[in-house]
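Engineer:
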Amino acid sequence: MSLLKSVDTNPSFSPRESKALPERLIAGDPAFKTWAQDAAKDDLVHTGVWEATPGETRSIKGETFEFCHILSGVVEITPDAGEAVTYRAGDSFVMKPGFTGVWKTIETVRKIYVTVG
1 MSLLKSVDTN
11 PSFSPRESKA
21 LPERLIAGDP
31 AFKTWAQDAA
41 KDDLVHTGVW
51 EATPGETRSI
61 KGETFEFCHI
71 LSGVVEITPD
81 AGEAVTYRAG
91 DSFVMKPGFT
101 GVWKTIETVR
111 KIYVTVG
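Residue 13 in UniProt numbering is what sits at position 13 of the sequence shown, and the numbering runs on without skipping anything.
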């Protein structure tokens, strides 16, 4: 097992496809694709590529830490009781454990993610 892992931003394998949970859907009908590429530390750390079509959902991190790097598209993230922040291709950000807010996909977004938790 190699301790160096490249993230394929255009994976050739089929993604896991899903939709927003009804209790988290705010607007639109966003569809999600996840290309999981690595798991480590007893399945606590996950790395891969995720894509979402336009729509608006509640984001609730719980105990999970998530690093995101936007590859394409535009999202607006509004923390509860906070200001909206827009992220575009090339931008990176972290959502810490306990984060709650609104994730609004404005243009279909693709990101690299690393979650811990």
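Idealized CB from N, CA, C, for every residue including glycine. Note that the coordinates shown come from a computational prediction; the quantities given were computed from them, not determined experimentally.
1. Is it the case that the region 22-31 contacts the region 53-62, given that we only count it when at least three CB pairs across the two stretches are under 8 Å?
2. Pick out the complete beta strand (DSSP E) segments inside the UniProt region "Disordered" (1-20), 3 residues or longer, and give them in chain order.
3. Between Val116 and Thr64, which are expected to be in contact by the criterion C-beta below 8 Å, what is the C-beta distance as a whole number of angstroms?
4. Could you pull the DSSP bridge partners for Gly55 from this structure?
5. Can you round the beta-carbon distance between Val102 and Thr78 to whole angstroms, since I take them to be within the 8 Å contact cut?
6. Hey, Ile112 and Val7 are a contact pair by Cβ (cut 8 Å); roughly how many whole angstroms apart?
7. Helix, strand or coil: how does DSSP classify Glu23 here?
8. Can you give me the Cβ contacts of Phe106 inside the same chain, cut-off strictly under 7 Å, excluding the 5 residues immediately before and after it?
9. Need the endpoints of the beta strand (DSSP E) that Phe65 sits in, please.
10. Thinking C-beta only, is Phe32 closer than 7 Å to Ala52?
11. Can you tell me whether Lys104 is buried or exposed, with buried defined as 16 or more other CB within 10 angstroms of its CB?
12. Which residues in the same chain as Arg88 place their Cβ atom closer than 7 Å to its Cβ, once the five residues preceding and following it in sequence are excluded?
Structural biologist: On the basis of the data shown:
1. yes
2. 16-19
3. Here residue 116 refers to the residue found at position 116 of the sequence shown. Here residue 64 refers to the residue found at position 64 of the sequence shown. Indeed, because the Cβ distance is near 7 Å, the residues count as touching under 8 Å.
4. Residue mapping note: residue 55 aligns to position 55 of the sequence shown, counting from 1. According to DSSP, Gly55 shares a beta bridge with Gly28 and Thr105.
5. One-based indexing of the sequence shown puts residue 102 at position 102. One-based indexing of the sequence shown puts residue 78 at position 78. Between Val102 and Thr78 a beta carbon distance of about 5 Å is seen, short of the 8 Å cut, so the two are scored as contacting.
6. Translated into the one-based positions of the sequence shown, residue 112 becomes position 112. Translated into the one-based positions of the sequence shown, residue 7 becomes position 7. Right, their Cβ atoms sit about 5 Å apart.
7. Counting from 1 along the sequence shown, the entry for residue 23 is found at position 23. Three-state result, Glu23: coil.
8. Taking the sequence shown and counting its residues from 1, the one referred to as residue 106 is at position 106. The displayed chain sequence assigns Ile, not Phe, to residue 106. Excluding sequence neighbours, Ile106 sits near Pro54, Val74, Val75 and Glu76.
9. As a position in the sequence shown, residue 65 is number 65, starting the count at 1. Counting along the chain, the beta strand (DSSP E) containing Phe65 begins and ends at Phe65 to Pro79.
10. Your numbering for residue 52 matches position 52 in the sequence shown. Your numbering for residue 32 matches position 32 in the sequence shown. With contacts defined as CB atoms closer than 7 Å, Ala52 and Phe32 qualify as a contacting pair.
11. Here residue 104 corresponds to residue number 104 of the sequence shown, with the count starting at 1. Label assigned to Lys104: buried.
12. In the sequence shown, the residue the question calls residue 88 occupies position 88. These residues qualify, in order along the chain: Ile70 and Val74.
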